[in-house]
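S.K.: Quick note: the sequence shown uses the UniProt record's numbering, first residue 1, plus one each step. Input: one structure, supplied below.
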Amino acid sequence: MRQSHPERSRSERLSRAMPALPPPLVSSHNAYVCVCMCVPLSLLTDLLPLVSSCCHRDSLHSVPHHPQRHRRRGSAISLFFFSLLGVQRLHILSPPPPCHPPSAACGNSRAHIDTHTHTHTHTHLHVHTRAQTGRRTSMSTEEASTSARSEAYDTIKWNGWGREGVQMELDEENPFWVRHVDGKPIKNLLEFLYKEISGGVGPKEIPPLSPGVPLAKALAALNPPKINDAFMKDISAALESSQVRPDGKSRLCHIVGKNYRDLWRVRRGAVEHAPDCILLPNNHKDCVTIMELAHKHNVVVIPFGGGTNVTGGVEADPFERGRMIVSVDMRRMNRMISIDRESCLATFETGVLGPDLDEQLYRYGFMCGHDPDSYIYSTLGGWIGARGSGAMSNQYGDIEDMVVAVKVATPTGVVETPVTSRTCGVDLNGLFIGCEGAFGIITEATIKLERLPEEKLYEGYIFPTFEAGFSAFYSCGAKGIHPCTMRLYDEDDFRMSMAMGTATHSFIERLISKGVKSFLESYRGWNLRRMCLVIVGFEGTPERVRQQRSETAAVFKQHGGVGIGRGAGDSWQEKKYDLPYIRDFALSLSHWADVFETSVLYSQAIPCWRAVKAAVRQVWKEHGHHGWIGCHTAHQYKYGCCLYFTFASVQKDDMDMKVFLEIKKRATEAMLRHTGNLTHHHGIGYEHVPWMSRFMKPGAMRLLYAMKKSIDPRNICNPGKLLPSPPAEGEGAAALKARQEKEMMFDKMGVPGAVAAHL
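Below, the structure written as structure tokens:
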């Protein structure tokens, strides 16, 4: 029997990479199941209500099961999609232990935590992970936190996503399958890469994975550090030796973020713009010291959280030729400072990783409610700096809805906004939310808390077309129905989701698949190549979940949606953080992928979706490439929503970067033509800077330039990000636009010189 590598186990990966999280509060009545039945298809409708009683059973607090209702809703389709989306085992989950109350030391409802030690004095709480077998394992919070804090900095990958040793690999037993990071085999991913992305007929021979140049070669290619001796003398006297890291490995790990352009360079050894030194503050006071000394000695400061940025927000400006550049890694600053349980507020240091933040809240019966795709490896400060948004934003809000107050170390002093139920006058929080380090280092933040929901329920629906699904998506918002999560995947994104299903060998499952496809095509008139998927989630009291689920189902039914059960929702929950691992695996097989997103008005959402996909495909056509692009909608607002695009192609030569840059440029232009924003939650970085002057208008830009000069007169705070270079005296609007676009899209992309000559 094949032995799973311990790093591939999901529970092992999560417990070592971060504190494990308790699962949704569920009862022993909750179950999901995939059952294979050797019966003729004609008998399916008679037997499937029994299966449906397992597949669709609600929690202990939900409405009773009604076999006839489920028969009418098409249980055969539910069963088929359970198998496609990888739900192949029966899990009966017992209720988790209740949240432990705070220790007596916490005393009042407002608790203050000692921030002078590196770890908390923890109350004993067990946090759970779901092991590969479906059973739970447990570890104490202190063990989990210590593991995360000691390893968060030192084990991060320099040439990919996540921690060292955790990645997707080719299956040892079947080279045409892929082994997921949790150890499970994936049957159809390679076929998707070679057919949908490469435009071929499927893999005939799989080449060995190529992660790029070895570490030693990358270290040898680093640019020599520019050292400001006076600054290094002062900072070394102010901080401990372990907080000052000028070594090559530290510099390499902080050189770029995690988009395709970033990994394309580091995997080729194009690392000539690394920061000169890495600083690791332990607290707010250290950050103030760093900013004061950097301002005094004219040293550039780049705040660095989890390093998951995908828009160039954490890398050095290539035009910085003379000044020393330091990257300030915030991940040691991961403590909860205080919690006000009565007001539902908590103050954190901003280097705390997402799982560590929630783990510290769970013991009090709270959570944050912010759940971005980068959740495991991103920080609170990164969320605030990039104006982030999470999968549950419909119910809990975006990051700007959660932040009550911030403390910021700037070159000219500390800015601290008041903790109050509502501010008066100008809201200064808004100055720093989305500033991407351009105005200083956000060191602490007070955030709103959400009580742990009594019940969670996630499920799936299919629609005949993206347009039909979007009509249902829009109608829910128009009727005031806002599920916690609602994601609509277009036909291309849906096919990628199905390619991620766990491998099976069952003939009956394939038979059922063919039968359901025939049913949808013959009796529903669907074109299966255009079919799309909606994942919808509900959280809260049992009554709230029941009501929202019923209201949503009614709207979806009106628009032709077909429920496919909770297995799809559970599968989505398990795989929602996996896309970066897929990207890294594809890159090792000479395929590349990346993402971009926008927020758009409802009236322009479908035209924008069509225009962006057409623009990207036109670039591939012009360059003789074959590619793939998918989209999903998320983050509902009263007036619009987010469109999130994923695109991929096969690597051909060093001209791939030219194609990539052209895609980014054309897609951005298409989004702006259809009321789109430059970004919804990834941040401006410097990839989007060329369009800031057009998006913000002249008056707004003058105000931003004035604030920047007042707060950061020497331009040491993450220069080149957020704001384009200011206009020169007498420079016209057309000349300014042309110069800014040339600087950003080509020269400032950090492309190696040999390739840049072709751009």
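Glycine included, each C-beta is placed from N, C-alpha and C at the ideal position. Everything numeric in this text was worked out from a predicted model, so none of it was measured.
If you count every other CB in all the chains shown that lies within 10 Å of the CB of Q548, and 16 or more means buried, which is it?
M.R.: What you label residue 548 is simply residue 548 of the sequence shown in a count that begins at 1. Buried is the call here.
S.K.: Tell me which same chain residues have a C-beta within less than 6 angstroms of the C-beta of C106, skipping the five on either side of it?
M.R.: Locating residue 106 in the sequence shown gives position 106, counting from the first residue. Residue confidence is low: C106 scores 38 on pLDDT, short of 50, so the model does not pin down where it sits. Its coordinate-derived value is still stated next. So the list is empty, once near-sequence residues are dropped.
S.K.: Could you say if the region 562 to 580 and the region 607 to 625 meet the contact criterion of at least three C-beta pairs nearer than 8 angstroms?
M.R.: Contact between the region 562 to 580 and the region 607 to 625 is absent, because fewer than three Cβ pairs lie under 8 angstroms.
S.K.: Does the count of Cβ pairs from the region 713 to 726 and the region 287 to 306 closer than 8 angstroms reach three?
M.R.: These segments touch.
S.K.: Would you please state the rounded distance, in angstroms, between the beta carbons of Y602 and Y474? I believe it to be under 8 angstroms.
M.R.: To locate residue 602, count along the sequence shown from 1; it is residue 602. To locate residue 474, count along the sequence shown from 1; it is residue 474. The Cβ separation is near 6 angstroms, so the contact holds.
S.K.: Quick one: measure Cβ to Cβ for I441 and M291, integer angstroms, because I've assumed they're closer than 8 angstroms.
M.R.: To locate residue 441, count along the sequence shown from 1; it is residue 441. To locate residue 291, count along the sequence shown from 1; it is residue 291. Contact flag correct, Cβ pair sits at about 7 angstroms.
S.K.: Would you call the region 650 to 663 in contact with the region 618 to 633, where contact means no fewer than 3 C-beta pairs closer than 8 angstroms?
M.R.: The region 650 to 663, when compared against the region 618 to 633, does touch it at the 8 angstroms Cβ threshold.
S.K.: Quick one: using the 10 Å Cβ neighbour count with 16 as the cut-off for buried, is F319 buried or exposed?
M.R.: Start at 1 with the first residue of the sequence shown, and residue 319 comes out as number 319. F319 should be labelled exposed.
S.K.: Quick one: what's got a C-beta closer than 6 angstroms to D234's C-beta in the same chain, skipping five residues either side?
M.R.: As a position in the sequence shown, residue 234 is number 234, starting the count at 1. Correct list, in chain order: L293.
S.K.: Report the rounded CA-to-CA distance for I156 versus Y705, giving the unit in angstroms.
M.R.: As a working note, residue 156 is residue 156 in the sequence shown. As a working note, residue 705 is residue 705 in the sequence shown. Each residue's alpha carbon lies about 35 angstroms from the other.
S.K.: Looking at the structure shown, is A270 part of a helix, part of a strand, or coil, going by DSSP?
M.R.: In the sequence shown, counting from the first residue as 1, residue 270 sits at position 270. Correct three-state label for A270: coil.
S.K.: So the candidates are D712, M707, P698, L703; which of them puts its Cα closest to the Cα of A734?
M.R.: In the sequence shown, residue 734 corresponds to position 734, counting from 1. Out of D712, M707, P698, L703, P698 has the C-alpha closest to the C-alpha of A734.
S.K.: Within the continuous alpha helix (DSSP H) that includes C253, where are the two ends?
M.R.: Mapped onto the sequence shown, residue 253 falls at position 253. Its alpha helix (DSSP H) spans residues 248 to 253.
S.K.: In terms of residue numbering, what span does the alpha helix (DSSP H) encompassing C287 cover?
M.R.: Stepping through the sequence shown from its first residue, residue 287 is reached at position 287. 284 to 297 is the extent of the alpha helix (DSSP H) around C287.
S.K.: Would you report the Cα separation of K448 and P214, rounded to the nearest angstrom?
M.R.: Working through the sequence shown from its first residue, we reach residue 448 at position 448. Working through the sequence shown from its first residue, we reach residue 214 at position 214. Using only the alpha carbons, I get a separation of about 44 angstroms.
S.K.: Taking Cβ positions, are E597 and T485 nearer each other than 8 angstroms?
M.R.: Taking the sequence shown and counting its residues from 1, one reaches residue 597 at position 597. Taking the sequence shown and counting its residues from 1, one reaches residue 485 at position 485. Against a cut-off of 8 angstroms, the Cβ pair of T485 and E597 comes out as no contact.
S.K.: Helix, strand or coil, according to DSSP, for W383 in the structure here?
M.R.: The count along the sequence shown starts at 1 and reaches residue 383 at position 383. Reduced to three states, the DSSP call for W383 is helix.
S.K.: For S710, which of A670, G515, S550, T412 has the nearest alpha-carbon?
M.R.: Reading the sequence shown from its first residue, position 710 is the one you call residue 710. Nearest C-alpha to S710: T412.
S.K.: Output the residue ranges of the alpha helix (DSSP H) runs that lie fully inside the region 573 to 612 and measure 4 residues or longer, sorted by chain position.
M.R.: List check, alpha helix (DSSP H) in window: 579 to 588.
S.K.: Could you tell me which of M707, M657, D656, P726 sits nearest to D689, measuring between CA atoms?
M.R.: Within the sequence shown, residue 689 is the residue found at index 689, counting from 1. Note on residue identity: the sequence assigns Val, not Asp, to residue 689. That would be P726, whose Cα lies nearest to the Cα of V689.
S.K.: Would you tell me roughly how many angstroms separate the C-alpha atoms of H297 and A230, rounded to the nearest one?
M.R.: The residue given as residue 297 occupies position 297 in the sequence shown. The residue given as residue 230 occupies position 230 in the sequence shown. Computed Cα separation, rounded: 7 angstroms.
S.K.: Taking all protein chains shown into account, decide if C424 is buried (16 or more other Cβ within 10 angstroms of its Cβ) or exposed.
M.R.: Taking the sequence shown and counting its residues from 1, one reaches residue 424 at position 424. That one is exposed.
S.K.: Let's test the definition: count the other Cβ atoms within 10 Å of the Cβ of R245 and tell me whether it reaches 16, buried, or not, exposed.
M.R.: Here residue 245 is taken as the residue at index 245 of the sequence shown, counted from 1. R245 should be labelled buried.
S.K.: Does DSSP classify Y489 as helix, strand or coil?
M.R.: The count along the sequence shown starts at 1 and reaches residue 489 at position 489. Looking at Y489 - three-state DSSP - the assignment turns out to be strand.
S.K.: Can you give the beta carbon distance from I606 to E467, rounded, assuming they're within the 8 angstroms contact cut?
M.R.: Residue numbering aside, residue 606 sits at position 606 when the sequence shown is read from its first letter. Residue numbering aside, residue 467 sits at position 467 when the sequence shown is read from its first letter. 6 angstroms between Cβ atoms; contact.
S.K.: Just tell me which of R321, Y194, Q167, T308 has its CA closest to the CA of H681.
M.R.: Sequence index remark: in the sequence shown, residue 681 carries index 681 (1-based). Considering only alpha carbons, the answer is T308.
S.K.: Within the chosen definition, does the region 388 to 407 reach the region 361 to 376 through at least 3 CB pairs nearer than 8 angstroms?
M.R.: Short answer: they touch.
S.K.: Are S599 and G515 closer than 8 angstroms when you measure CB to CB?
M.R.: As a first step, residue 599 is located in the sequence shown; it is residue number 599 there, counting from the start. As a first step, residue 515 is located in the sequence shown; it is residue number 515 there, counting from the start. No, the Cβ-Cβ distance between S599 and G515 is not below 8 angstroms.
S.K.: Specify, as a first and last residue, the run of the beta strand (DSSP E) that T446 falls within.
M.R.: Taking the sequence shown and counting its residues from 1, the one referred to as residue 446 is at position 446. It spans 441 to 448 - the beta strand (DSSP E) in which T446 sits, taken as one unbroken run.
S.K.: Decide if D358 is buried, meaning its Cβ has at least 16 other Cβ atoms within 10 Å, or exposed.
M.R.: Counting from 1 along the sequence shown, the entry for residue 358 is found at position 358. Per the 10 Å Cβ criterion, buried.
S.K.: In whole angstroms, what is the alpha-carbon distance linking residue 761 and Q558?
M.R.: Here the chain covers residues 1 to 759 and nothing more, so residue 761 does not appear.
S.K.: Between which two residues does the alpha helix (DSSP H) harbouring I197 extend?
M.R.: In the sequence shown, residue 197 corresponds to position 197, counting from 1. From DSSP, I197 is part of no alpha helix (DSSP H); its letter is neither H nor E.
S.K.: Could you compute how far the alpha carbon of R341 sits from the alpha carbon of T420?
M.R.: Locating residue 341 in the sequence shown gives position 341, counting from the first residue. Locating residue 420 in the sequence shown gives position 420, counting from the first residue. Looking at the two C-alpha atoms, the distance is approximately 15 angstroms.
S.K.: When you compare only the Cα positions, how much space is there between R739 and T646?
M.R.: Working through the sequence shown from its first residue, we reach residue 739 at position 739. Working through the sequence shown from its first residue, we reach residue 646 at position 646. Rounded to the nearest angstrom, the two C-alpha atoms are 29 angstroms apart.
S.K.: How about E450 and V545: are their beta carbons less than 8 angstroms apart?
M.R.: Position 450 of the sequence shown holds residue 450. Position 545 of the sequence shown holds residue 545. Cβ distance not < 8 angstroms, so E450 and V545 don't count as in contact.
S.K.: What did DSSP end up calling Y644 once you bin it into helix, strand or coil?
M.R.: One-based indexing of the sequence shown puts residue 644 at position 644. Looking at Y644 - three-state DSSP - the assignment turns out to be strand.
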